[in-house]
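Under the working numbering, the first residue of the sequence shown is numbered 113, with each subsequent residue one higher. C-beta atoms are modelled at their ideal positions from N, C-alpha and C, and glycine is treated no differently. Structure record follows, encoded as C-alpha coordinates.
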Amino acid sequence: MKKAFIAILLFSIVLSSAFQSCGSGNNDKEVVVDSASIVRGEAAFNQNCTTCHNFVQDGMGPQLAGVASKVPVDWINNFIHDPKKVIDAGDERAKMLLDKYHTVMPSFAGLGEEKIQDIIAYLQSVKVGTLTDDDKDSVYVKDPIPEKIKMSGLALNLEQVAQIPFSSEKMPRTRILKTDIQPGSDNLFVLDLRGTLYMLKDGKPEVYMNMRSLKKDFIDEPGLATGFGSFAFHPDFRKNGLLYTSHTEPKGTAKADFSYNDSIPVQLQWVVTEWKTNTPAAPTFSGEGRELFRMNFVTGIHGMQELTFNTSAKPGSKDYGKLYIGLGDGGCVENHFPSIVHAPSKAWGSIFRIDPAGKNSANGKYGIPADNPFVKDSGAVKELYAYGFRNPHRITWTRDGRMLAINIGQANIEALYIVQPGRDYGWPIREGNFMIRP
(Lines of atoms letter the chains of each structure in order from A; the text may use other names.)
(Lines give C-alpha, C1' and ligand atoms only; values in the text may rest on other atoms or scores of the structure.)
Protein backbone atom coordinates (compact mmCIF):
# COMPACT_ATOMS: atom_id res chain seq x y z
CA MET A 113 0.00 0.00 0.00
CA LYS A 114 2.82 2.35 0.79
CA LYS A 115 4.11 1.90 -2.74
CA ALA A 116 0.67 2.72 -4.06
CA PHE A 117 0.69 5.88 -1.98
CA ILE A 118 4.15 6.91 -3.16
CA ALA A 119 3.27 6.21 -6.77
CA ILE A 120 0.57 8.85 -6.78
CA LEU A 121 2.25 11.55 -4.75
CA LEU A 122 1.32 14.94 -6.06
CA PHE A 123 3.74 17.08 -7.99
CA SER A 124 5.14 18.79 -4.94
CA ILE A 125 6.92 15.70 -3.65
CA VAL A 126 9.54 16.36 -6.26
CA LEU A 127 10.11 19.97 -5.40
CA SER A 128 11.41 20.48 -1.89
CA SER A 129 14.14 17.86 -2.13
CA ALA A 130 15.90 19.72 -4.89
CA PHE A 131 16.06 23.10 -3.22
CA GLN A 132 19.43 22.86 -1.53
CA SER A 133 21.39 21.46 -4.45
CA CYS A 134 19.57 23.14 -7.30
CA GLY A 135 18.93 26.51 -5.73
CA SER A 136 16.20 28.93 -6.67
CA GLY A 137 15.25 29.88 -10.16
CA ASN A 138 13.42 32.58 -12.05
CA ASN A 139 9.69 32.29 -12.42
CA ASP A 140 9.52 32.49 -16.21
CA LYS A 141 5.84 31.61 -16.52
CA GLU A 142 3.37 34.27 -15.46
CA VAL A 143 0.89 33.12 -12.83
CA VAL A 144 -1.95 35.37 -11.78
CA VAL A 145 -1.78 35.72 -8.01
CA ASP A 146 -4.83 37.44 -6.59
CA SER A 147 -7.23 36.69 -3.77
CA ALA A 148 -9.63 34.78 -6.01
CA SER A 149 -6.95 32.52 -7.53
CA ILE A 150 -5.45 31.86 -4.10
CA VAL A 151 -8.85 30.84 -2.70
CA ARG A 152 -9.48 28.55 -5.68
CA GLY A 153 -5.94 27.19 -5.41
CA GLU A 154 -6.32 26.43 -1.73
CA ALA A 155 -9.50 24.46 -2.43
CA ALA A 156 -7.80 22.53 -5.24
CA PHE A 157 -4.75 21.91 -3.07
CA ASN A 158 -6.88 20.61 -0.20
CA GLN A 159 -8.71 18.28 -2.54
CA ASN A 160 -5.72 16.96 -4.48
CA CYS A 161 -2.55 17.51 -2.44
CA THR A 162 -3.12 17.22 1.30
CA THR A 163 -3.03 13.45 1.09
CA CYS A 164 0.75 13.75 1.07
CA HIS A 165 1.71 17.34 1.86
CA ASN A 166 1.35 20.19 4.32
CA PHE A 167 3.28 23.34 5.15
CA VAL A 168 4.74 22.39 8.52
CA GLN A 169 6.56 19.05 8.38
CA ASP A 170 7.49 16.31 5.95
CA GLY A 171 5.02 13.44 5.77
CA MET A 172 4.20 11.23 2.81
CA GLY A 173 5.92 13.97 0.85
CA PRO A 174 7.90 17.11 1.79
CA GLN A 175 6.36 20.13 3.45
CA LEU A 176 5.78 22.85 0.88
CA ALA A 177 6.12 26.22 2.61
CA GLY A 178 8.01 28.51 0.20
CA VAL A 179 8.23 25.94 -2.57
CA ALA A 180 7.07 28.28 -5.36
CA SER A 181 9.75 30.83 -4.49
CA LYS A 182 12.55 28.28 -4.79
CA VAL A 183 11.66 26.39 -7.96
CA PRO A 184 10.89 28.10 -11.30
CA VAL A 185 7.17 28.24 -11.96
CA ASP A 186 7.55 27.04 -15.54
CA TRP A 187 9.41 23.96 -14.26
CA ILE A 188 6.64 23.27 -11.72
CA ASN A 189 4.01 23.69 -14.43
CA ASN A 190 5.79 21.40 -16.89
CA PHE A 191 6.36 18.76 -14.27
CA ILE A 192 2.73 18.74 -13.18
CA HIS A 193 1.65 18.23 -16.77
CA ASP A 194 4.05 15.43 -17.70
CA PRO A 195 6.67 14.30 -15.16
CA LYS A 196 7.94 11.45 -17.31
CA LYS A 197 8.59 13.79 -20.23
CA VAL A 198 10.66 16.08 -18.00
CA ILE A 199 12.66 13.12 -16.67
CA ASP A 200 13.18 11.62 -20.13
CA ALA A 201 14.45 14.99 -21.36
CA GLY A 202 17.36 14.65 -18.93
CA ASP A 203 16.35 17.41 -16.54
CA GLU A 204 18.90 17.42 -13.70
CA ARG A 205 16.45 18.18 -10.92
CA ALA A 206 13.94 15.58 -12.11
CA LYS A 207 16.60 12.87 -12.42
CA MET A 208 17.96 13.62 -8.97
CA LEU A 209 14.51 13.32 -7.46
CA LEU A 210 13.82 10.10 -9.33
CA ASP A 211 17.04 8.69 -7.89
CA LYS A 212 15.85 9.62 -4.42
CA TYR A 213 12.19 8.55 -4.59
CA HIS A 214 12.53 5.69 -7.12
CA THR A 215 9.16 6.37 -8.71
CA VAL A 216 7.60 8.50 -11.42
CA MET A 217 4.43 10.29 -10.44
CA PRO A 218 1.56 10.25 -12.94
CA SER A 219 0.62 13.25 -15.02
CA PHE A 220 -1.78 15.70 -13.43
CA ALA A 221 -2.60 17.43 -16.71
CA GLY A 222 -6.16 16.24 -16.14
CA LEU A 223 -6.60 18.93 -13.50
CA GLY A 224 -6.69 21.48 -16.29
CA GLU A 225 -4.54 24.53 -16.87
CA GLU A 226 -6.62 26.91 -14.77
CA LYS A 227 -6.66 24.67 -11.70
CA ILE A 228 -2.92 24.00 -11.96
CA GLN A 229 -2.22 27.74 -12.14
CA ASP A 230 -4.47 28.33 -9.12
CA ILE A 231 -2.55 25.72 -7.12
CA ILE A 232 0.74 27.37 -8.03
CA ALA A 233 -0.72 30.76 -7.02
CA TYR A 234 -1.71 29.29 -3.66
CA LEU A 235 1.78 27.82 -3.18
CA GLN A 236 3.27 31.23 -3.93
CA SER A 237 1.16 32.71 -1.14
CA VAL A 238 2.54 30.31 1.50
CA LYS A 239 5.83 31.57 2.88
CA VAL A 240 8.61 29.72 4.65
CA GLY A 241 8.01 29.49 8.39
CA THR A 242 10.53 29.76 11.21
CA LEU A 243 11.38 26.78 13.41
CA THR A 244 10.70 27.19 17.10
CA ASP A 245 13.14 25.82 19.68
CA ASP A 246 10.79 22.87 20.17
CA ASP A 247 10.74 22.21 16.43
CA LYS A 248 14.54 22.35 16.31
CA ASP A 249 14.56 19.89 19.18
CA SER A 250 12.71 17.40 17.02
CA VAL A 251 15.06 17.66 14.03
CA TYR A 252 16.09 14.79 13.97
CA VAL A 253 17.64 11.38 13.56
CA LYS A 254 18.52 11.36 9.87
CA ASP A 255 18.79 7.59 9.58
CA PRO A 256 16.88 5.88 12.41
CA ILE A 257 17.88 2.40 11.24
CA PRO A 258 21.40 2.64 9.78
CA GLU A 259 21.93 -1.12 9.59
CA LYS A 260 21.52 -2.56 6.12
CA ILE A 261 18.82 -5.19 5.67
CA LYS A 262 20.37 -8.51 4.72
CA MET A 263 19.07 -10.33 1.69
CA SER A 264 17.63 -13.76 2.48
CA GLY A 265 18.62 -15.46 -0.73
CA LEU A 266 15.06 -16.70 -1.15
CA ALA A 267 13.27 -16.24 -4.45
CA LEU A 268 9.58 -15.62 -4.93
CA ASN A 269 7.96 -16.79 -8.13
CA LEU A 270 5.01 -14.70 -9.29
CA GLU A 271 2.32 -16.12 -11.50
CA GLN A 272 -0.54 -14.17 -13.07
CA VAL A 273 -3.89 -15.43 -11.85
CA ALA A 274 -6.26 -12.92 -13.41
CA GLN A 275 -6.47 -9.55 -15.14
CA ILE A 276 -8.82 -7.11 -13.40
CA PRO A 277 -10.62 -4.68 -15.77
CA PHE A 278 -9.63 -1.01 -15.89
CA SER A 279 -11.78 1.19 -13.67
CA SER A 280 -10.36 4.48 -15.00
CA GLU A 281 -8.76 5.90 -18.10
CA LYS A 282 -6.28 7.70 -15.83
CA MET A 283 -3.40 6.10 -13.95
CA PRO A 284 -3.64 4.03 -11.91
CA ARG A 285 -6.09 2.23 -14.19
CA THR A 286 -7.18 -0.21 -11.47
CA ARG A 287 -6.96 0.14 -7.69
CA ILE A 288 -6.83 -3.39 -6.32
CA LEU A 289 -7.10 -3.08 -2.56
CA LYS A 290 -7.93 -6.45 -1.04
CA THR A 291 -8.39 -10.13 -1.86
CA ASP A 292 -10.11 -12.71 0.33
CA ILE A 293 -11.73 -16.14 0.28
CA GLN A 294 -15.44 -16.62 0.86
CA PRO A 295 -15.93 -18.93 3.87
CA GLY A 296 -17.19 -22.38 3.01
CA SER A 297 -15.91 -22.18 -0.56
CA ASP A 298 -12.76 -21.74 -2.64
CA ASN A 299 -14.10 -18.57 -4.26
CA LEU A 300 -11.52 -15.78 -4.38
CA PHE A 301 -12.82 -12.20 -4.28
CA VAL A 302 -10.91 -9.10 -5.43
CA LEU A 303 -11.83 -5.53 -4.48
CA ASP A 304 -11.28 -2.45 -6.63
CA LEU A 305 -11.33 0.69 -4.48
CA ARG A 306 -13.33 2.50 -7.15
CA GLY A 307 -16.42 0.48 -6.30
CA THR A 308 -16.40 -3.06 -7.65
CA LEU A 309 -16.05 -6.40 -5.85
CA TYR A 310 -15.14 -9.21 -8.25
CA MET A 311 -15.38 -12.97 -7.87
CA LEU A 312 -12.80 -14.94 -9.82
CA LYS A 313 -14.30 -17.80 -11.78
CA ASP A 314 -11.92 -19.98 -13.78
CA GLY A 315 -9.37 -17.18 -13.59
CA LYS A 316 -11.77 -14.58 -14.93
CA PRO A 317 -13.19 -11.70 -12.83
CA GLU A 318 -16.96 -11.42 -12.70
CA VAL A 319 -18.73 -8.54 -10.94
CA TYR A 320 -20.17 -9.74 -7.64
CA MET A 321 -21.09 -6.38 -6.07
CA ASN A 322 -21.19 -2.88 -7.54
CA MET A 323 -21.18 -0.30 -4.75
CA ARG A 324 -22.04 2.53 -7.15
CA SER A 325 -25.36 0.94 -8.00
CA LEU A 326 -26.14 -0.03 -4.40
CA LYS A 327 -25.25 3.27 -2.71
CA LYS A 328 -26.33 6.40 -4.58
CA ASP A 329 -24.02 8.63 -2.50
CA PHE A 330 -20.90 6.49 -3.04
CA ILE A 331 -17.73 8.44 -3.95
CA ASP A 332 -14.19 7.29 -4.77
CA GLU A 333 -12.44 10.66 -4.68
CA PRO A 334 -10.79 12.85 -3.48
CA GLY A 335 -8.10 11.07 -1.53
CA LEU A 336 -5.94 8.00 -1.96
CA ALA A 337 -8.11 5.85 0.31
CA THR A 338 -11.56 7.04 -0.77
CA GLY A 339 -13.99 4.46 -2.18
CA PHE A 340 -15.02 0.87 -1.48
CA GLY A 341 -12.65 0.32 1.44
CA SER A 342 -13.07 -3.27 2.54
CA PHE A 343 -15.34 -6.31 2.74
CA ALA A 344 -15.74 -9.28 5.06
CA PHE A 345 -17.92 -12.35 4.73
CA HIS A 346 -19.43 -13.60 7.99
CA PRO A 347 -17.87 -16.96 9.00
CA ASP A 348 -21.35 -18.51 8.55
CA PHE A 349 -21.98 -16.74 5.24
CA ARG A 350 -23.09 -19.91 3.48
CA LYS A 351 -25.87 -20.23 6.06
CA ASN A 352 -26.80 -16.65 6.99
CA GLY A 353 -25.77 -14.77 3.81
CA LEU A 354 -24.25 -11.87 5.74
CA LEU A 355 -21.55 -9.67 4.17
CA TYR A 356 -20.02 -6.48 5.61
CA THR A 357 -18.55 -3.55 3.68
CA SER A 358 -17.06 -0.10 4.22
CA HIS A 359 -17.38 2.75 1.72
CA THR A 360 -17.18 6.54 1.52
CA GLU A 361 -19.85 9.20 1.03
CA PRO A 362 -19.65 13.02 0.93
CA LYS A 363 -19.54 14.95 4.18
CA GLY A 364 -22.95 15.72 5.60
CA THR A 365 -24.71 12.92 3.73
CA ALA A 366 -26.23 11.82 7.03
CA LYS A 367 -25.64 12.39 10.72
CA ALA A 368 -22.42 10.72 11.80
CA ASP A 369 -22.39 8.30 14.73
CA PHE A 370 -18.78 9.30 15.42
CA SER A 371 -17.88 12.97 14.98
CA TYR A 372 -15.63 15.64 16.49
CA ASN A 373 -15.64 19.36 17.22
CA ASP A 374 -17.18 21.29 14.32
CA SER A 375 -14.15 23.60 14.16
CA ILE A 376 -12.24 20.68 12.61
CA PRO A 377 -12.95 20.08 8.91
CA VAL A 378 -14.77 17.04 7.53
CA GLN A 379 -13.94 15.89 4.01
CA LEU A 380 -16.03 12.72 3.86
CA GLN A 381 -17.80 9.98 5.81
CA TRP A 382 -16.99 6.29 6.10
CA VAL A 383 -19.96 3.93 6.36
CA VAL A 384 -20.18 0.31 7.57
CA THR A 385 -23.03 -1.71 6.04
CA GLU A 386 -24.36 -5.20 6.74
CA TRP A 387 -25.73 -6.88 3.61
CA LYS A 388 -28.15 -9.83 3.61
CA THR A 389 -27.89 -11.84 0.41
CA ASN A 390 -30.91 -13.58 -1.01
CA THR A 391 -28.87 -16.53 -2.27
CA PRO A 392 -25.45 -17.01 -0.63
CA ALA A 393 -24.24 -19.40 -3.34
CA ALA A 394 -25.15 -17.03 -6.18
CA PRO A 395 -22.32 -15.64 -8.36
CA THR A 396 -23.77 -12.12 -8.17
CA PHE A 397 -24.94 -10.24 -5.09
CA SER A 398 -28.65 -9.65 -4.67
CA GLY A 399 -30.18 -8.52 -1.40
CA GLU A 400 -30.67 -5.69 1.07
CA GLY A 401 -28.33 -3.69 3.29
CA ARG A 402 -28.61 -1.94 6.62
CA GLU A 403 -26.22 0.72 7.88
CA LEU A 404 -24.41 -0.10 11.12
CA PHE A 405 -22.66 3.24 11.66
CA ARG A 406 -20.89 6.11 9.92
CA MET A 407 -17.92 8.29 10.87
CA ASN A 408 -16.64 11.71 9.86
CA PHE A 409 -13.03 11.92 8.60
CA VAL A 410 -10.75 14.93 8.20
CA THR A 411 -9.33 13.88 4.80
CA GLY A 412 -9.52 11.10 2.23
CA ILE A 413 -6.51 9.17 3.55
CA HIS A 414 -6.09 6.65 6.37
CA GLY A 415 -9.73 5.66 6.34
CA MET A 416 -11.67 2.50 7.11
CA GLN A 417 -9.73 0.03 5.02
CA GLU A 418 -10.09 -3.19 6.97
CA LEU A 419 -13.09 -5.28 7.97
CA THR A 420 -12.40 -8.84 9.08
CA PHE A 421 -13.39 -11.72 11.34
CA ASN A 422 -11.06 -13.78 13.51
CA THR A 423 -10.31 -16.75 11.29
CA SER A 424 -8.91 -18.74 14.21
CA ALA A 425 -12.07 -18.41 16.35
CA LYS A 426 -14.20 -21.53 16.70
CA PRO A 427 -18.02 -21.61 16.74
CA GLY A 428 -19.23 -21.01 20.28
CA SER A 429 -16.11 -19.09 21.35
CA LYS A 430 -16.32 -15.46 22.55
CA ASP A 431 -14.60 -14.12 19.44
CA TYR A 432 -16.62 -16.04 16.87
CA GLY A 433 -18.69 -13.69 14.71
CA LYS A 434 -17.15 -10.52 16.13
CA LEU A 435 -16.30 -7.95 13.45
CA TYR A 436 -12.93 -6.15 13.63
CA ILE A 437 -12.62 -2.77 11.91
CA GLY A 438 -9.33 -0.99 11.20
CA LEU A 439 -9.71 2.79 11.50
CA GLY A 440 -6.97 5.16 10.38
CA ASP A 441 -6.42 8.65 11.75
CA GLY A 442 -7.97 10.19 8.65
CA GLY A 443 -4.91 12.37 8.08
CA CYS A 444 -5.80 14.45 11.13
CA VAL A 445 -2.26 14.44 12.53
CA GLU A 446 -0.63 15.66 9.34
CA ASN A 447 -3.32 18.34 9.10
CA HIS A 448 -2.63 19.54 12.66
CA PHE A 449 -5.58 18.02 14.51
CA PRO A 450 -3.88 15.38 16.69
CA SER A 451 -6.40 15.95 19.48
CA ILE A 452 -8.93 13.57 17.92
CA VAL A 453 -6.69 10.49 18.24
CA HIS A 454 -4.61 8.57 20.77
CA ALA A 455 -6.91 8.06 23.73
CA PRO A 456 -9.56 5.52 24.81
CA SER A 457 -12.11 8.32 24.37
CA LYS A 458 -11.19 8.77 20.68
CA ALA A 459 -12.48 6.57 17.85
CA TRP A 460 -9.92 7.43 15.15
CA GLY A 461 -6.55 5.68 14.79
CA SER A 462 -7.86 2.49 16.38
CA ILE A 463 -9.21 -1.01 15.92
CA PHE A 464 -12.90 -1.55 16.70
CA ARG A 465 -14.44 -4.86 17.77
CA ILE A 466 -18.22 -5.11 17.49
CA ASP A 467 -20.98 -7.72 17.50
CA PRO A 468 -23.10 -7.17 14.36
CA ALA A 469 -25.87 -9.30 15.86
CA GLY A 470 -26.19 -7.19 19.00
CA LYS A 471 -28.22 -4.07 19.79
CA ASN A 472 -26.51 -2.36 22.75
CA SER A 473 -24.51 0.23 20.81
CA ALA A 474 -25.37 3.93 21.18
CA ASN A 475 -27.39 3.85 17.95
CA GLY A 476 -28.90 0.43 18.65
CA LYS A 477 -27.77 -1.05 15.33
CA TYR A 478 -25.01 -3.41 16.55
CA GLY A 479 -23.61 -4.80 19.75
CA ILE A 480 -20.69 -3.99 22.06
CA PRO A 481 -19.07 -7.26 23.23
CA ALA A 482 -19.06 -7.57 27.02
CA ASP A 483 -15.36 -8.51 27.02
CA ASN A 484 -14.16 -5.46 25.06
CA PRO A 485 -11.31 -3.85 27.05
CA PHE A 486 -12.90 -0.42 27.61
CA VAL A 487 -16.53 -1.46 27.95
CA LYS A 488 -16.67 -0.50 31.65
CA ASP A 489 -14.59 2.69 31.38
CA SER A 490 -16.55 5.92 31.74
CA GLY A 491 -15.97 8.23 28.78
CA ALA A 492 -14.25 5.55 26.65
CA VAL A 493 -15.33 4.43 23.20
CA LYS A 494 -16.80 1.03 24.03
CA GLU A 495 -16.10 -0.35 20.55
CA LEU A 496 -12.36 0.19 21.02
CA TYR A 497 -10.15 -2.90 21.05
CA ALA A 498 -6.75 -1.17 20.70
CA TYR A 499 -5.57 2.31 19.71
CA GLY A 500 -2.52 4.39 18.75
CA PHE A 501 -2.46 3.47 15.03
CA ARG A 502 -1.85 5.71 12.05
CA ASN A 503 -3.46 3.33 9.58
CA PRO A 504 -4.12 -0.30 10.65
CA HIS A 505 -4.49 -1.41 7.07
CA ARG A 506 -4.63 -5.20 7.43
CA ILE A 507 -5.50 -7.51 10.33
CA THR A 508 -4.94 -11.26 10.53
CA TRP A 509 -4.40 -14.05 13.04
CA THR A 510 -1.68 -16.64 13.48
CA ARG A 511 -2.53 -20.32 13.78
CA ASP A 512 -2.13 -20.13 17.55
CA GLY A 513 -4.66 -17.26 17.73
CA ARG A 514 -2.42 -14.19 18.05
CA MET A 515 -3.78 -11.09 16.35
CA LEU A 516 -1.49 -9.18 13.96
CA ALA A 517 -2.03 -5.72 12.47
CA ILE A 518 -0.08 -4.00 9.71
CA ASN A 519 0.30 -0.28 10.43
CA ILE A 520 1.31 2.10 7.63
CA GLY A 521 3.85 4.61 8.92
CA GLN A 522 4.43 8.24 8.12
CA ALA A 523 7.99 8.52 6.89
CA ASN A 524 10.29 5.77 8.15
CA ILE A 525 8.59 2.82 9.82
CA GLU A 526 6.12 0.26 8.54
CA ALA A 527 5.10 -1.92 11.48
CA LEU A 528 3.61 -5.34 12.07
CA TYR A 529 2.16 -5.38 15.59
CA ILE A 530 1.04 -8.21 17.83
CA VAL A 531 -2.22 -6.66 19.00
CA GLN A 532 -3.40 -7.12 22.55
CA PRO A 533 -6.74 -5.79 23.88
CA GLY A 534 -6.57 -2.35 25.45
CA ARG A 535 -3.01 -1.60 24.35
CA ASP A 536 -1.72 1.76 23.10
CA TYR A 537 0.53 1.42 20.00
CA GLY A 538 1.91 4.94 20.13
CA TRP A 539 0.75 7.03 17.16
CA PRO A 540 1.16 9.99 16.90
CA ILE A 541 3.77 10.12 19.69
CA ARG A 542 5.69 7.22 18.20
CA GLU A 543 6.33 5.82 14.75
CA GLY A 544 7.44 2.26 15.41
CA ASN A 545 9.89 2.45 18.32
CA PHE A 546 10.90 6.05 17.62
CA MET A 547 9.49 9.12 19.34
CA ILE A 548 8.26 11.82 16.98
CA ARG A 549 6.68 15.24 17.37
CA PRO A 550 3.03 15.18 16.20
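Cβ neighbours of residue i in the same chain (closer than 6 angstroms, five flanking residues each side left out)
i	result
Y234	I150, G153, E154, F157
F370	M407, A459
V493	A459
G544	I525, A527
G401	T385, W387
G521	E543
E225	none
A517	P504, I507, Y529, V531
C-alpha distance - residue i paired with residue j, whole-angstrom precision
i	j	result
K196	E259	33 angstroms
N322	L380	20 angstroms
P295	G461	29 angstroms
Q175	N447	11 angstroms
Y310	G433	24 angstroms
E204	G178	21 angstroms
T391	G442	36 angstroms
I530	D536	12 angstroms
V378	K363	6 angstroms
A482	A498	15 angstroms
V240	I331	35 angstroms
Q275	P317	7 angstroms
A119	S342	Because the pLDDT of A119 is 38, which lies under 50, any placement of that residue in the model is unreliable, and the question is left without a value.
L419	H346	10 angstroms
A366	S325	19 angstroms
T389	R306	22 angstroms
L270	N475	46 angstroms
Per DSSP, the bridge partner or partners of residue i
i	result
T360	W382
M407	F370, W382
I293	L300
M547	R542
E400	K388
L354	K388
L453	Looking at the sequence shown, residue 453 is not Leu but Val. W460.
G479	D467
I376	Answer by DSSP bridge pairing: none, since I376 is not bridged.
L439	S462
I288	D304
D536	Y499
Boundaries of the beta strand (DSSP E) in which residue i is found, first to last residue
i	result
Y310	308–313
I466	462–466
M321	316–322
P552	Not covered by the structure: residue 552. The range shown for the chain is 113 to 550.
F343	340–345
I530	527–531
A498	496–499
I518	515–519
Residues near residue i by beta carbon distance below 8 angstroms, same chain, minus five either side
i	result
D489	P456
T291	L300, F301, V302, L303
V278	The amino acid occupying residue 278 in the given sequence is Phe; Val does not appear at that position. Excluding residues within five positions, the ones whose Cβ falls inside 8 angstroms are R285, T286.
N166	Q175, L176, E446, N447, H448
I548	S250, Q522, P540, I541, R542
Y320	F301, L309, Y310, M311, P395, T396, F397
Run of the alpha helix (DSSP H) containing residue i, from where it starts to where it stops
i	result
Y432	It is not in any alpha helix (DSSP H) - Y432 carries neither H nor E in the DSSP assignment.
E418	Taken as a continuous stretch (DSSP letters only), E418 belongs to no alpha helix (DSSP H), being part of the beta strand (DSSP E) at 418–421.
Y213	204–213
G153	147–160
I231	225–237
F167	Neither: F167 is in no alpha helix (DSSP H) and is coded neither H nor E.
V198	195–200
A180	179–182
Minimum C-alpha distance to residue i - residue among the options
i	options	result
H359	T308, I480, T510, V144	T308
V144	K182, L209, I232	I232
P468	G335, S237, A344, V319	A344
Y478	F464, F486, G491, P485	F464
Q159	Q272, L209, Q236, P334	P334
A180	D200, T215, I228	I228
S147	V238, A206, F421	V238
G440	I480, N422, G500	G500
Neighbourhood of residue i by C-beta, 7 angstroms cutoff - its chain only, sequence neighbours within 5 removed
i	result
H425	The residue you asked about is not His; residue 425 is Ala in the sequence shown. Within the same chain, A425 has close Cβ partners D431, Y432.
N190	V198
D230	S149, R152, G153, A156
beta-carbon residue i near the ligand MG non-hydrogen atom, thresh 6 angstroms
i	result
S237	Only the bare structure without any ligand can be found here, which leaves the ligand MG out of the picture.
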